[in-house]
Amino acid sequence: MRIGNNISAMNTLNRLTVNNSSLSKSLEKLSSGSAINRAADDAAGLAISEKMRAQIAGLEQASKNAQDGISLVQTAEGALDQTHTALRRMETLAMKATNGTITAEDRAKIQAEVDARTNEIDRVAETSNFNGIKLFDGSLSGSSGTAKMKALNTAAGADDGLSSSGTITFTGGVDGVKVSFATGTEGASWNTTNKELTITLDGTGKTYSDADVQKLIDAAVANAPTGAENLKIAVAKADGSASGGTITSSDGTDATGSDELAADFTDTTTRAATFSGYVQASNEQTINGATVTATADEGVLSNGITINFNSNNGDASASWSTNTLTITLDNSKTTYSEDEINALIKNATGTKPVGSDGLKVSMDKAMQRTSGAYEATAASADLVLADGAGAAGGGLSLQIGATSNQADKITVSIAKMDSASLLGTAKLDMSTPDAANAAIDKINAAIEKVSEQRANLGATQNRLEQTIENLSTTAENMSAAESRIRDVDMAKQMTEFTKFSILSQASQAMLAQANSLPQGVLQLLK
1 MRIGNNISAM
11 NTLNRLTVNN
21 SSLSKSLEKL
31 SSGSAINRAA
41 DDAAGLAISE
51 KMRAQIAGLE
61 QASKNAQDGI
71 SLVQTAEGAL
81 DQTHTALRRM
91 ETLAMKATNG
101 TITAEDRAKI
111 QAEVDARTNE
121 IDRVAETSNF
131 NGIKLFDGSL
141 SGSSGTAKMK
151 ALNTAAGADD
161 GLSSSGTITF
171 TGGVDGVKVS
181 FATGTEGASW
191 NTTNKELTIT
201 LDGTGKTYSD
211 ADVQKLIDAA
221 VANAPTGAEN
231 LKIAVAKADG
241 SASGGTITSS
251 DGTDATGSDE
261 LAADFTDTTT
271 RAATFSGYVQ
281 ASNEQTINGA
291 TVTATADEGV
301 LSNGITINFN
311 SNNGDASASW
321 STNTLTITLD
331 NSKTTYSEDE
341 INALIKNATG
351 TKPVGSDGLK
361 VSMDKAMQRT
371 SGAYEATAAS
381 ADLVLADGAG
391 AAGGGLSLQI
401 GATSNQADKI
411 TVSIAKMDSA
421 SLLGTAKLDM
431 STPDAANAAI
441 DKINAAIEKV
451 SEQRANLGAT
461 QNRLEQTIEN
471 LSTTAENMSA
481 AESRIRDVDM
491 AKQMTEFTKF
501 SILSQASQAM
511 LAQANSLPQG
521 VLQLLK
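In the UniProt record's numbering, the protein residues as written are 1 to 526.
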């Protein structure tokens with residue numbers, strides 16, 4: 001028998017230490033309710049659960065952000081309700097002012113109330129804010145930066161505009177506007193808030209309303225052919241030196257500058273054709289959307305082609321022979337082959353001089369007849385958008401997700417809603433029935449703008465409410481997943497606690513027995 005080392009006691013002590021450690025951990029988990037109290041408990045589980053906790057916190061904050069967004073939208077929508085009320089009253093007053101039974105004194109009183117309502121619209125636009133953020137000053141318009149537009153490729157029959165370097169056209173692009181810039185100090189910007197076009201030529205800028213732009217669109221449209229064998233053409237010098245203004249006539253044919261001609265050919269097997277168009281020797285023409293009318297000098301050629309010219313500034317004639325068209329302007333001849341006149345090449349420059357009530361726009365449009373149809377192409381272009389103040393405005397961005405991805409953001413866009421943006425800069429005039437009628441059109445357009453903005457705000461609110469529901473569901477599911485990793489199973493852990501508690505007590509009792517075993521050696525001394 002050996003007493004130097006009590007192996008049984010040492011083994012029992014080790015087991016007691018292990019049992020006490022397990023019992024201590026079990027007590028810690030039961031008291032905290034968490035299965036992971038330190039990294040050593042579950043290193044991988046800790047890393048996963050901490051990431052989930054960060055996502056849950058982000059989702060909860062995103063939900064709060066969306067709720068704040070709803071509050072902002074409701075504030076803006078409520079203010080626009082007051083704007084609607086003012087506009088409806090102004091429309092009623094304008095309708096009253098159109099009545100011929102109203103005296104001048106009555107009109108003065110109507111004008112005073114209309115002016116007061118206009119001032120109220122401006123006051124609402126100026127004072128409406130959320131947490132100090134102006135709602136209707138144009139800073140939240142959402143129109144900012146440069147939008148890249150796709151190349152345009154269309155068949156004739158659609159009134160699509162085409163553009164190239166230094167060209168401005170008004171269809172087929174972002175917000176129906178297509179703009180490309182020339183080099184130097186020339187450029188253009190389209191204000192989507194106020195529907196205004198700003199043209200800069202040689203450093204001098206001028207702004208035009210959407211009405212001016214619409215007139216230009218109406219004047220610059222090239223109509224599609226009315227039949228399979230009807231070909232509209234405009235031809236210029238082969239060296240491209242021709243330049244000048246374009247007039248669009250009432251039947252859709254075009255006339256261009258001093259050495260250019262627009263025509264309508266009806267081709268038949270006998271080559272008998274009707275040819276009509278307008279020629280103007282001036283380098284500039286005003287394009288204002290009005291129908292072009294002029295007294296024509298008419299002549300009939302021996303080859304059966306009838307020519308109609310408006311030649312206010314010079315003599316004009318044309319002849320057709322051996323598949324060749326010859327145009328004579330002021331005794332200067334230009335000849336075009338059949339291949340040349342098979343293509344529609346319209347180089348047009350319509351001028352409303354900068355500094356007056358005009359607008360300068362240049363266009364390049366090319367159409368080639370293919371299988372009885374025209375096809376038009378144009379390169380892509382950049383459109384610069386500005387808010388109502390002329391500065392970049394990107395809308396108000398709401399973070400509605402747990403990441404920095406763009407998909408986790410919603411932009412609230414609110415247009416400028418002062419009287420100038422809604423009704424124009426000119427004062428509404430109630431002095432005559434005609435003026436009141438014009439005011440009604442403006443007021444109705446303003447009501448439509450406010451209605452559109454309120455509809456957008458309502459849609460945004462609905463979207464935010466759905467976002468909150470989605471965030472709540474996502475956070476709930478994420479919390480459940482995190483709970484399965486982090487939270488302790490109380491029933492299972494209490495079973496473990498009971499087991500280790502019994503083992504610890506048994507180990508203590510056995511250690512006492514193991515310590516008493518060496519005392520048996522004393523019996524040998526008796």
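Virtual Cβ for every residue (Gly too), placed ideally from N, Cα, C.
I'd like the span of the alpha helix (DSSP H) that includes residue i, first residue to last.
{"i": "residue 521", "result": "Looking at the DSSP string, residue 521 is not in any alpha helix (DSSP H), and its letter there is neither H nor E."}
{"i": "residue 96", "result": "43 to 97"}
{"i": "residue 457", "result": "433 to 486"}
{"i": "residue 423", "result": "419 to 423"}
Specify, as a first and last residue, the run of the beta strand (DSSP E) that residue i falls within.
{"i": "residue 410", "result": "409 to 412"}
{"i": "residue 139", "result": "First-last for residue 139: undefined, no H or E at that position."}
Which one of the options has the shortest CA to CA distance from residue i?
{"i": "residue 20", "options": "525, 522, 507", "result": "507"}
{"i": "residue 118", "options": "137, 417, 433, 78", "result": "417"}
{"i": "residue 572", "options": "524, 520, 521, 511", "result": "This structure gives no information on residue 572, because the portion of the chain shown stretches from 1 to 526."}
{"i": "residue 409", "options": "114, 59, 486", "result": "59"}
{"i": "residue 131", "options": "113, 76, 141, 116", "result": "76"}
{"i": "residue 399", "options": "439, 456, 67, 447", "result": "67"}
{"i": "residue 34", "options": "129, 500, 491", "result": "491"}
{"i": "residue 402", "options": "29, 513, 16, 61", "result": "61"}
{"i": "residue 141", "options": "457, 498, 472", "result": "457"}
{"i": "residue 72", "options": "396, 113, 56", "result": "396"}
{"i": "residue 42", "options": "430, 125, 488", "result": "488"}
{"i": "residue 108", "options": "64, 39, 5, 428", "result": "428"}
{"i": "residue 65", "options": "431, 472, 121", "result": "472"}
{"i": "residue 127", "options": "51, 524, 446, 78", "result": "78"}
{"i": "residue 83", "options": "444, 513, 463, 38", "result": "444"}
{"i": "residue 113", "options": "139, 96, 459", "result": "96"}
{"i": "residue 430", "options": "106, 86, 55", "result": "106"}
{"i": "residue 56", "options": "138, 425, 470", "result": "470"}
{"i": "residue 433", "options": "3, 39, 111, 2", "result": "111"}
{"i": "residue 74", "options": "135, 85, 39, 123", "result": "135"}
{"i": "residue 475", "options": "39, 63, 40, 47", "result": "63"}
{"i": "residue 501", "options": "10, 18, 3", "result": "18"}
Is DSSP giving residue i helix, strand or coil here?
{"i": "residue 129", "result": "strand"}
{"i": "residue 20", "result": "helix"}
{"i": "residue 245", "result": "At residue 245 the pLDDT is 34, less than 50, meaning the model places this residue with poor confidence; the figure from the coordinates comes in the next sentence. Here residue 245 sits in coil by DSSP."}
{"i": "residue 31", "result": "helix"}
{"i": "residue 362", "result": "Residue confidence for residue 362 is low, a pLDDT of 30 falling below 50, so the modelled location carries little weight; the figure read from the coordinates is stated next. DSSP places residue 362 in strand when its eight states are reduced to three."}
{"i": "residue 134", "result": "strand"}
{"i": "residue 428", "result": "coil"}
{"i": "residue 499", "result": "helix"}
{"i": "residue 112", "result": "helix"}
{"i": "residue 507", "result": "helix"}
{"i": "residue 527", "result": "As displayed, the chain neither begins before 1 nor continues past 526, which places residue 527 out of reach and without an answer."}
{"i": "residue 415", "result": "coil"}
{"i": "residue 36", "result": "coil"}
{"i": "residue 226", "result": "Caution is warranted here: a pLDDT of 33 is assigned to residue 226, below 50, making its placement in the model unreliable, and the coordinate value is therefore given only provisionally. Correct three-state label for residue 226: coil."}
{"i": "residue 107", "result": "helix"}
{"i": "residue 2", "result": "coil"}
{"i": "residue 102", "result": "coil"}
{"i": "residue 122", "result": "helix"}
Flag this pair as yes or no: are the beta carbons of residue i and residue j separated by less than 8 Å?
{"i": "residue 437", "j": "residue 98", "result": "yes"}
{"i": "residue 482", "j": "residue 88", "result": "no"}
{"i": "residue 468", "j": "residue 45", "result": "no"}
{"i": "residue 527", "j": "residue 49", "result": "Nothing about residue 527 can be reported from this structure: the residues present for the chain run from 1 to 526 only."}
{"i": "residue 461", "j": "residue 70", "result": "yes"}
{"i": "residue 450", "j": "residue 423", "result": "no"}
{"i": "residue 440", "j": "residue 91", "result": "yes"}
{"i": "residue 16", "j": "residue 504", "result": "yes"}
{"i": "residue 494", "j": "residue 23", "result": "no"}
{"i": "residue 32", "j": "residue 517", "result": "no"}
{"i": "residue 514", "j": "residue 5", "result": "no"}
{"i": "residue 453", "j": "residue 93", "result": "no"}
{"i": "residue 404", "j": "residue 122", "result": "no"}
The ligand GTP and residue i: does the residue's C-beta get closer than 7 Å to at least one heavy atom of that ligand?
{"i": "residue 433", "result": "Summarising the ligand content, the structure contains no ligands, and the ligand GTP is consequently not present."}
Which residues does DSSP pair with residue i in a beta bridge?
{"i": "residue 399", "result": "409"}
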